[in-house]
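For the sequence shown, the residue numbers in numbering that gives the first Met the number 0 are 0 to 530.
Structure record follows, encoded as structure tokens.
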Amino acid sequence: MERATVLTDEVDIEAYRQNCFHAGIDPEQPPFFAERFSAEELEAQLIKYKEVIEVIDSFVNKFLSSVSGSPILIAISDAEGYLLAFKGDPTIIDTIRLVGIQEGVRFTEKVGINSINLCLRYQKPFQLVGQDHFHHILHGLVCCTAPFYKEDEQELLGTISFMTDIDAAHPHLLPLLCTMADSIERELLLRKGNAQFQLLNQILLETNYLGVIITDELGTIVNINDNAAEMLHIESDRFVRILGTSAFDINDLGDYFRRVVLQQEECNGVELTLERKGSAQHYIIDAVRVYDAKGSLSRAIVSLRNITEMKKTEEVLRNTEKLVFAGELAMSIAHEIRNPLTTIKGMLQLSNKNSQLLHYNLIMSEVERVNLIVSEFLILGKPQAVQFKKERCSTILQEVLSIFAFQANMNMITLNTQVKDDSEIECDRNQIKQVFLNLLRNSVEALPFGGMISIELNIGDGFQTIKFSDNGEGMSHEVLQNIGMAFHTTRTNGNGLGMMIVKKIVSAHRGHVEITSEVGVGTIVTIYLPT
0 MERATVLTDE VDIEAYRQNC FHAGIDPEQP PFFAERFSAE ELEAQLIKYK
50 EVIEVIDSFV NKFLSSVSGS PILIAISDAE GYLLAFKGDP TIIDTIRLVG
100 IQEGVRFTEK VGINSINLCL RYQKPFQLVG QDHFHHILHG LVCCTAPFYK
150 EDEQELLGTI SFMTDIDAAH PHLLPLLCTM ADSIERELLL RKGNAQFQLL
200 NQILLETNYL GVIITDELGT IVNINDNAAE MLHIESDRFV RILGTSAFDI
250 NDLGDYFRRV VLQQEECNGV ELTLERKGSA QHYIIDAVRV YDAKGSLSRA
300 IVSLRNITEM KKTEEVLRNT EKLVFAGELA MSIAHEIRNP LTTIKGMLQL
350 SNKNSQLLHY NLIMSEVERV NLIVSEFLIL GKPQAVQFKK ERCSTILQEV
400 LSIFAFQANM NMITLNTQVK DDSEIECDRN QIKQVFLNLL RNSVEALPFG
450 GMISIELNIG DGFQTIKFSD NGEGMSHEVL QNIGMAFHTT RTNGNGLGMM
500 IVKKIVSAHR GHVEITSEVG VGTIVTIYLP T
């Protein structure tokens, strides 16, 4: 940043001098420091400023090596004027310590006229030459001080000062100090950015379900985690060698890196299917650009999420729903066919008693075959055999949530579970799981942009209650009245069988379902199962 220097002729030094006399400060004596850190306080502040002092040391050491033999002292203070450290000529350091200027003392206006206090007061670089100082012991010195800030001039961190003999002082000493303060600020900002990148890298690379590839601004791979190597089938002997190569050359992913790095595009939520070892693997790809503090591209990050199991689960659920619907439809058709079929069979048998019906045996054989087919339809429509056992509801719910958590995370949905009271219920474990899964899936579909699903377990009036609440789109009164009917759905790809299955299973368990909903607010579904 550009630093405006406060010159001594812009400040009424004489007024400061008179204030010192009125305060009873003796110019013939060395400066007296009424305020100073204790040893413990100084140690704590040095720990706080450790990184700052390390950065300053690196610049100071280079500067001192370039002016070897010059009697220059460099001092560092915090934002309150407490002196933290010295660098420079050992002789000068020993001399000023003898007159009371030591680590831990605080420079204020009560000490006398000093460049550190004036720099902090005006928050600009300041220089005192010779008799500008109040104390006679300092009249042979030049002291200049510049402030340095944390970032974007938002927070003053402290000051850095040069002190040297007036005869050895160079006219460009203060501008040089300001340049050093600028460099210190840039280095601190760069370190902060690097620390943020390292934290980001660590968080991304150590996730247990994401494959992550990170490149620099040119598309060169700088990091890749084990998950990504496994997803892309990168052999262990190639794992290290892939670092430093171009991400544009990665099969199936190179185009995404080109779009991010070269075309400045971001790809979020793109679904990709790859053939791996003879089977299809499904992934969600997110490709983003990361910028540094100056707004320049610093990193490109591509993350892969394997959604193959989720796809398989969805397919199983779809097939289950189709089978249930087929059973319902089969039962309906079978009953409708069996009634007239029974009549036809009876009339044929009656007709054969009175006269020999032509082809009677063939007709009856075909009727029996139709009856057999209808019976098979009825078997398809019957519910599967269930096994009722004593089960703890919270255990079943936890098993479902452990499966469902990944899908919720991908859809930016927070799951909030509260077990107020829990009891054993007589149930078929798999069917209750199906109920919970269907309700959770409905909530996800009602939260297309993410949100929260709350599940609460409680006991009341002889029932184990399981309440599913979401803050999704909600339903109108008309939709609510028809919920649970086959083919009645508000989803473009739905069939309305999910809630029908829920109600059927709960009813078979001697329980019931309550649903409340409000458009724009959300939906609450409460399951009541007898304890």
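Glycine included, C-beta positions come from ideal geometry on N, C-alpha and C.
None of these values were measured; they are calculated from a predicted model.
Spatially closest choice to K541 from I412, T525, E423 and R288, by CA coordinates: Residue numbering for the chain in the displayed model covers 0 to 530; residue 541 lies beyond these limits and cannot be assessed.
Contact with chain B by I395, beta-carbon distance below 8 Å: Going by chain labels, chain B is absent from the structure shown, which holds only one protein chain.
Which residues DSSP lists as bridging N222, in chain order: As a position in the sequence shown, residue 222 is number 223, starting the count at 1. N222 is bridged to I213.
Beta-carbon gap between I249 and G268 smaller than 8 Å: Counting from one through the sequence shown, the residue named residue 249 turns up at place 250. Counting from one through the sequence shown, the residue named residue 268 turns up at place 269. No, the pair does not count as a contact, with Cβ atoms beyond the cut-off.
Top-ranked residue by Cα proximity to N415, from T307, A404, E477 and Q153: In the sequence shown, the residue the question calls residue 415 occupies position 416. Of T307, A404, E477 and Q153, the residue nearest in Cα terms is A404.
Unbroken alpha helix (DSSP H) run spanning S442, endpoints: Start at 1 with the first residue of the sequence shown, and residue 442 comes out as number 443. R428 to E444 is the extent of the alpha helix (DSSP H) around S442.
Outcome for L127 when other beta-carbon atoms lying within 10 angstroms are tallied against a minimum of 16: Your numbering for residue 127 matches position 128 in the sequence shown. Buried, since its Cβ has 16 or more Cβ neighbours within 10 Å.
Own chain residues within Cβ distance below 6 Å of I378, not counting five before or after: Here the question's residue 378 lines up with position 379 in the sequence shown. Model confidence at I378 stands at a pLDDT of 48, short of 50, so the residue's coordinates are unreliable and nothing is read from them.
C-beta atoms of G210 and N224 nearer than 8 Å: Start at 1 with the first residue of the sequence shown, and residue 210 comes out as number 211. Start at 1 with the first residue of the sequence shown, and residue 224 comes out as number 225. Cβ distance < 8 Å, so G210 and N224 count as in contact.
Alpha-carbon to alpha-carbon, R298 and L271: Along the sequence shown, one-based indexing puts residue 271 at 272. Along the sequence shown, one-based indexing puts residue 298 at 299. So the alpha carbons of these two residues sit roughly 22 Å apart.
Length of the line joining the Cα atoms of F256 and L189: Walking along the sequence shown from the start, residue 256 turns up at place 257. Walking along the sequence shown from the start, residue 189 turns up at place 190. If you take the alpha carbons of F256 and L189, they lie about 25 Å apart.
Cβ-based burial, K502 [other Cβ within 10 Å; buried from 16]: Residue mapping note: residue 502 aligns to position 503 of the sequence shown, counting from 1. Residue burial is scored here from C-beta neighbours: K502 has at least 16 other C-beta atoms within 10 angstroms and is therefore classed as buried.
CA-to-CA distance, T307 to I402, given in whole angstroms: Taking the first residue of the sequence shown as 1, we reach residue 402 at position 403. Taking the first residue of the sequence shown as 1, we reach residue 307 at position 308. Distance between the alpha carbons of I402 and T307: 13 Å.
Nearest candidate by alpha-carbon position, reference G461, set Q130, I431 and D420: Within the sequence shown, residue 461 is the residue found at index 462, counting from 1. For the residues Q130, I431 and D420, the minimum Cα distance to G461 belongs to D420.
Range covered by the beta strand (DSSP E) that runs through V512: Walking along the sequence shown from the start, residue 512 turns up at place 513. It spans H511 to E517 - the beta strand (DSSP E) in which V512 sits, taken as one unbroken run.
Alpha-carbon to alpha-carbon, V289 and Q463: To locate residue 463, count along the sequence shown from 1; it is residue 464. To locate residue 289, count along the sequence shown from 1; it is residue 290. Near 50 Å, if we compare the C-alpha coordinates of V289 and Q463.
CB-CB length for L176 against I159, believed under 8 Å: Position 177 of the sequence shown holds residue 176. Position 160 of the sequence shown holds residue 159. Yes, they are in contact, since the Cβ atoms of L176 and I159 sit about 7 Å apart, within 8 Å.
Length at least 3, wholly inside the stretch 398-427: the beta strand (DSSP E) runs in chain order: 412-418 and 423-426
Alpha carbon of A407 to alpha carbon of D254, nearest angstrom: Counting from one through the sequence shown, the residue named residue 407 turns up at place 408. Counting from one through the sequence shown, the residue named residue 254 turns up at place 255. Straight-line Cα distance between these residues: approximately 29 Å.
When G521, C19 and I52 are compared against M451, the one with the closest alpha-carbon: Against the sequence shown, residue 451 aligns to sequence position 452. Looking at the Cα atoms, G521 is the closest of the given residues.
Distance between P124 and D251 (C-alpha atoms, nearest Å): The count along the sequence shown starts at 1 and reaches residue 251 at position 252. The count along the sequence shown starts at 1 and reaches residue 124 at position 125. Roughly 56 Å separates the two Cα atoms.
Closest by C-alpha distance to T413, when choosing among I395, G449 and V434: Position 414 of the sequence shown holds residue 413. Nearest C-alpha to T413: G449.
S306 in three-state terms, based on DSSP: If you number the sequence shown from 1, residue 306 lands on position 307. Inspection of the sequence shows that residue 306 is occupied by Ile rather than by Ser. It is coil, neither helix nor strand.
Boundaries (first-last residue) of the beta strand (DSSP E) holding Y527: Position 528 of the sequence shown holds residue 527. G521 to P529 is the extent of the beta strand (DSSP E) around Y527.
Classification of L156 by the beta-carbon crowding that lies within 10 angstroms, buried from 16 upward: Sequence index remark: in the sequence shown, residue 156 carries index 157 (1-based). Within a 10 Å sphere around the beta-carbon of L156 sit 16 or more other beta-carbons, which makes this residue buried.
Span of the alpha helix (DSSP H), counted from its first residue to its last, around Q280: The sequence position of residue 280 within the sequence shown is 281, counting from 1. Segment S278 to Y290 is the beta strand (DSSP E) holding Q280; no alpha helix (DSSP H) there.
Alpha carbon of M179 to alpha carbon of D131, nearest angstrom: Looking up residue 179 in the sequence shown gives position 180. Looking up residue 131 in the sequence shown gives position 132. Roughly 24 Å separates the two Cα atoms.
Assumed close pair L436, C392 - CB separation to whole angstroms, cut-off 8 Å: Taking the sequence shown and counting its residues from 1, one reaches residue 436 at position 437. Taking the sequence shown and counting its residues from 1, one reaches residue 392 at position 393. Actually they do not touch by this definition, with Cβ atoms about 15 Å apart.
Burial state of N60, where buried means 16 or more other Cβ atoms lie within 10 Å: Position 61 of the sequence shown, counted from the first residue, corresponds to residue 60. Answer is exposed; the Cβ neighbour count stays below 16.
Of the listed residues F36, K109 and I73, nearest to G23 (C-alpha basis): Along the sequence shown, one-based indexing puts residue 23 at 24. Closest by alpha carbon: K109.
Environment of T341 [buried if 16+ CB atoms lie within 10 Å]: As a working mapping, residue 341 is identified with position 342 in the sequence shown. With fewer than 16 Cβ atoms within 10 Å of its Cβ, T341 is classed as exposed.
Beta-carbon spacing of S442, G473 below 8 Å: The residue labelled residue 442 in the question sits at position 443 within the sequence shown. The residue labelled residue 473 in the question sits at position 474 within the sequence shown. No, these two residues do not count as a Cβ contact at 8 Å.
Pairwise C-alpha distance: T219 and P174: As a first step, residue 174 is located in the sequence shown; it is residue number 175 there, counting from the start. As a first step, residue 219 is located in the sequence shown; it is residue number 220 there, counting from the start. Distance between the alpha carbons of P174 and T219 is about 40 Å.
Short Cβ contact (8 Å threshold) for I95 with L72: For the purposes of this step, residue 95 is identified with residue 96 of the sequence shown, where counting begins at 1. For the purposes of this step, residue 72 is identified with residue 73 of the sequence shown, where counting begins at 1. Cβ atoms of I95 and L72: closer than 8 Å.
Between the CA atoms of F36 and G519 - distance to the nearest angstrom: For the purposes of this step, residue 519 is taken as residue 520 along the sequence shown, with counting starting at 1. For the purposes of this step, residue 36 is taken as residue 37 along the sequence shown, with counting starting at 1. If you draw a straight line from the Cα of G519 to the Cα of F36, it comes to about 59 Å.
Exposed unless 16 or more other CB atoms sit within 10 angstroms - verdict on I112: If you number the sequence shown from 1, residue 112 lands on position 113. It counts as buried.
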